[in-house]
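First up is the structure itself, then whatever we jot down about it.
In UniProt numbering, the protein residues as written are 1 to 257.
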């Protein structure tokens with residue numbers, strides 16, 4: 001029987017997350033995003049692991065700043081989007097939307113999830129039932145539209161929403177409690193959201209990460225995935241609008257929240 005991949009949620013900087021993916025059978029380890037080197041090196045040292053691969057979702061400094069030091073220290077190879085290669089650290093493997101590659105014996109599917117940035121990608125590992133979304137789909141939120149359009153982000157979120165609902169969503173920041181404060185303003189009658197708000201408060205009181213989350217939980221509570229929901233549409237006075245228009249209004253409200 002194949003041993004499952006081990007995935008470690010690793011707090012970095014003030015509110016970022018990176019993720020270590022370890023194959024116990026082969027002893028290989030990959031990292032998704034590298035906000036800083038120190039926290040990653042400490043986690044690897046504590047477990048006695050090396051670092052073989054670094055997977056990058058997008059070019060923002062708080063996702064790539066640790067790459068140079070980690071590559072130097074461990075000889076890790078870097079994987080990122082071909083479309084973003086001009087502003088990422090040097091890539092050893094450039095990947096495209098719709099492509100796949102093998103990582104530690106498992107298939108990884110590459111998804112373009114542009115919106116927060118253009119060229120942002122997510123990594124979906126079906127065998128691990130895991131998707132690494134960074135600043136596209138986030139816990140109870142989505143990334144601010146720094147480069148892409150609302151239409152692009154809605155298309156990206158719709159692709160992610162179509163993954164199996166039991167998929168675990170590994171996103172890039174501990175923004176969940178702030179996102180919850182906004183979510184209840186556009187979806188006030190959602191009992192699942194109210195339950196989640198309470199769960200988030202308890203977790204943060206204990207210093208427990210709220211990332212990862214399940215896709216099903218996001219589908220039930222994340223307003224950025226729920227533009228088709230009749231209650232949200234009624235609350236916004238947008239019953240007849242296109243889904244992407246409703247999403248754009250929700251995103252605009254969050255920007256001004």
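Glycine residues also receive a C-beta, built at the ideal position from the N, C-alpha and C atoms.
Are the Cβ atoms of residue i and residue j separated by less than 8 Å?
i	j	result
residue 51	residue 64	no
residue 70	residue 80	no
residue 58	residue 97	no
residue 145	residue 224	no
residue 62	residue 89	no
residue 169	residue 131	yes
residue 113	residue 123	no
What residues in its chain sit with their C-beta under 7 Å from that of residue i, if we drop five residues either side in the sequence?
i	result
residue 106	5, 125, 127 and 128
residue 255	144
residue 82	94, 95 and 96
residue 87	59
From the options, pick the residue whose C-alpha is nearest to that of residue i; which is it?
i	options	result
residue 15	249, 47 and 176	176
residue 159	19, 215 and 234	215
residue 23	34, 104 and 46	104
residue 252	165, 19, 207 and 150	150
residue 60	168, 135 and 152	135
residue 139	109, 197, 41 and 72	197
residue 13	37, 32 and 3	37
residue 3	163, 241 and 26	26
residue 263	213, 199, 19 and 119	Given that the chain is displayed from residue 1 to residue 257, the structure contains no residue 263 and the question cannot be resolved.
residue 171	213, 202, 192 and 193	213
residue 178	204, 162 and 68	204
Count the other CB atoms within 10 Å of the CB of residue i; is the residue buried (16 or more) or exposed (fewer)?
i	result
residue 53	buried
residue 48	exposed
residue 221	buried
residue 1	Low confidence applies to residue 1: its pLDDT is 49, below 50, so where it sits in the model is not reliable, and the reading given next is rough at best. Burial call: exposed.
residue 188	exposed
residue 33	buried
residue 234	exposed
residue 192	exposed
Who are the near neighbours of residue i in its chain, counting only those whose CB is closer than 6 Å to its CB and skipping five residues on each side?
i	result
residue 21	5, 7 and 30
residue 154	244 and 247
residue 226	232
If residue i sits next to residue j, beta carbons under 8 Å apart, how far is it from one beta carbon to the other, in whole angstroms?
i	j	result
residue 17	residue 173	7 Å
residue 137	residue 218	7 Å
residue 182	residue 257	5 Å
In chain order, what residues of the same chain have a beta carbon less than 8 Å from the beta carbon of residue i, not counting five sequence neighbours either side?
i	result
residue 11	17, 39, 174 and 209
residue 261	Residue coverage of the chain in this structure runs from 1 to 257, which leaves residue 261 outside it and unanswerable.
residue 207	none
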